[in-house]
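*Asks:* One structure follows; several queries about it will come next.
In this note's numbering, the protein residues as written are 41 to 385.
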């Protein structure tokens, strides 16, 4: 196997034990460059032209076109003796820092077998010729120079134009983002506003419901709201006074006599009182007449409009623990009536 030094392009023979000694790392005995021999292994020696082509790349082709094809020198087979240094393992290098360099020995071996440094000289010569060719190209006429030059330079596009084009390549992205941002900003104050408004409305509805179901006490404390409640109940068909307990209404005074103006009629003067803790609606009053044997002669019911004076506000209900006077006029079969009974319905 053969390897090539990347520094001076010299070619050496190498064996597997040399590669295994330091993981393929070797040092050239001519230019003292350390390189990985495994990356440049060849089964057979390469020609000088091949080595130069690999090292110089496109520059080598330029020289070939300018001066003609170079003729490689005959290859000489190297002896089996290695012409390079194999670096010792890392541990040995750290311990034996004073180890003798074998570069001089390799140079001596090369001179003994008669290898000329022709490749190195050719490389120097080629570099010189390349610089001359490039200098000659710069002196060509403009019309020929334009043909030899590469593609014409593209006109530089202003940065602002490219930014504008890039913007229009994706027209929907900024608008969508702006719309989403605007919606978020709008909802940032709309959402709390609706939550606050809804909470206030719900609270007012709850307060109104509680006040309505306790309207008897509310109207007793705030009688100025009674007219509004009366108007509302006329539309909805409800009662202003909610509490009703006729058992809490007692008859405190009564006086039954013949009517002074009408024959076969009775005139009843009475007073009743509401013993409930709140106002309650005025009741219906039922009057029943009996004869001497206790037999029923007749009965009649009176609504508040029949027995109350027009100066009394019926819708406000009966006042608490305050007597209310009323008058009943009874006509019909009243002859023989010796007893009577009052009932509140």
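Just so it is clear, CB atoms sit at the ideal spot from N, CA and C, and this is done for glycine as well. Treat the numbers as computed from the prediction; the structure is a model and nothing was measured.
Based on DSSP bridge pairs, tell me the residues matched to residue 82.
*Replies:* 42
*Asks:* Comparing the C-beta of residue 250 with each C-beta of chain C, is any distance below 8 Å?
*Replies:* Included in the structure is just one protein chain, with no chain C present.
*Asks:* So, for residue 330: in the same chain, excluding its five sequence neighbours on each side, which residues have a beta-carbon less than 8 Å away from its beta-carbon?
*Replies:* Cβ within range, chain order: 336, 337, 377, 378, 379, 380, 381.
*Asks:* Span of the alpha helix (DSSP H) holding residue 274?
*Replies:* 266-276
*Asks:* So the beta strand (DSSP E) residue 58 belongs to, where does it begin and stop?
*Replies:* Careful: residue 58 lies outside any beta strand (DSSP E), inside the alpha helix (DSSP H) at 56-61.
*Asks:* Assign residue 246 to buried or exposed, taking buried as 16 or more other Cβ atoms, counted over all protein chains shown, within 10 Å of its Cβ.
*Replies:* Residue environment for residue 246: exposed (fewer than 16 other C-beta atoms within 10 angstroms of its C-beta).
*Asks:* Could you tell me whether the stretch 286-300 touches the stretch 310-320, using the rule of 3 or more Cβ pairs below 8 Å?
*Replies:* yes
*Asks:* Under 8 Å: do the stretch 294-301 and the stretch 337-348 share three or more Cβ pairs, one atom per stretch?
*Replies:* no
*Asks:* DSSP three-state label for residue 285, please.
*Replies:* If DSSP states are grouped into helix, strand and coil, residue 285 belongs with coil.
*Asks:* Short of 8 Å in beta carbon distance, which residues of its chain neighbour residue 263, apart from the five on each side in sequence? Order them along the chain.
*Replies:* 356
*Asks:* At 3 residues or longer, what runs of the beta strand (DSSP E) sit wholly inside the stretch 283-345?
*Replies:* 289-298, 305-314, 325-330, 336-342
*Asks:* When the Cα atoms are used, what is the spatial distance from residue 385 to residue 241?
*Replies:* Straight-line measurement puts the Cα of residue 241 at about 40 Å from the Cα of residue 385.
*Asks:* Alpha carbon to alpha carbon, how far is residue 191 from residue 174?
*Replies:* Legend: pLDDT at residue 191 = 48, less than 50; position of this residue unreliable, value from coordinates given subsequently. Distance between the alpha carbons of residue 191 and residue 174 is about 18 Å.
*Asks:* Can you list, in chain order, the residues of its chain with a C-beta nearer than 7 Å to that of residue 76? Leave out the 5 residues immediately preceding and following it.
*Replies:* 64, 65
*Asks:* Mind checking residue 323: buried by the 16 CB within 10 Å criterion, or exposed?
*Replies:* buried
*Asks:* Under 8 Å Cβ to Cβ from residue 362, same chain only, skipping five residues before and after it: list those, please.
*Replies:* 313, 314
*Asks:* Using the beta-carbon count (16 or more within 10 Å), is residue 259 buried or exposed?
*Replies:* The C-beta of residue 259 has 16 or more other C-beta atoms within 10 Å across all chains shown, which makes the residue buried.
*Asks:* Just how far apart, CA to CA, sit residue 300 and residue 334?
*Replies:* 26 Å
*Asks:* Quick check on the DSSP output: the beta strand (DSSP E) that includes residue 67 runs from which residue to which?
*Replies:* 65-68
*Asks:* Judging by CA-CA distance, which residue of 261, 73, 81 is the nearest neighbour of residue 360?
*Replies:* Among 261, 73, 81, the Cα nearest to that of residue 360 belongs to 261.
*Asks:* Could you check the C-alpha separation between residue 352 and residue 304 for me, to the nearest Å?
*Replies:* 29 Å
*Asks:* So residue 370 packs on residue 309, CB below 8 Å; how close in whole Å?
*Replies:* Not confirmed; about 12 Å, so no contact.
*Asks:* In this structure, does DSSP put residue 232 in helix, strand or coil?
*Replies:* In this structure, residue 232 counts as helix in the three-state DSSP scheme.
*Asks:* Residue 266 to residue 349, Cα distance in whole Å?
*Replies:* Roughly 19 Å separates the two Cα atoms.
*Asks:* Out of curiosity, what's the CA-to-CA distance linking residue 165 and residue 176?
*Replies:* Rounded to the nearest angstrom, the gap between the Cα atoms of residue 165 and residue 176 is 17 Å.
*Asks:* Relative to the alpha-carbon of residue 252, which residue among 85, 268, 311 has its alpha-carbon at the smallest distance?
*Replies:* 268
*Asks:* CA-CA distance, residue 69 and residue 168?
*Replies:* Cα to Cα, residue 69 sits roughly 26 Å from residue 168.
*Asks:* Do residue 279 and residue 321 have their CB atoms nearer than 8 Å?
*Replies:* yes
*Asks:* Quick check: the Cα distance between residue 306 and residue 358, rounded to an integer number of angstroms?
*Replies:* 26 Å
*Asks:* Given that a residue counts as buried once 16 or more other Cβ atoms are within 10 Å of its Cβ, and exposed if not, what is residue 59?
*Replies:* A residue is called buried once 16 or more other Cβ atoms fall within 10 Å of its Cβ, and residue 59 is buried on that count.
*Asks:* Is DSSP giving residue 255 helix, strand or coil here?
*Replies:* Note: residue 255 maps to helix in three-state DSSP.
*Asks:* For residue 332, does the count of other Cβ atoms within 10 angstroms reach 16, so buried, or fall short, so exposed?
*Replies:* exposed
*Asks:* Can you give me the Cβ contacts of residue 383 inside the same chain, cut-off strictly under 6 Å, excluding the 5 residues immediately before and after it?
*Replies:* 326
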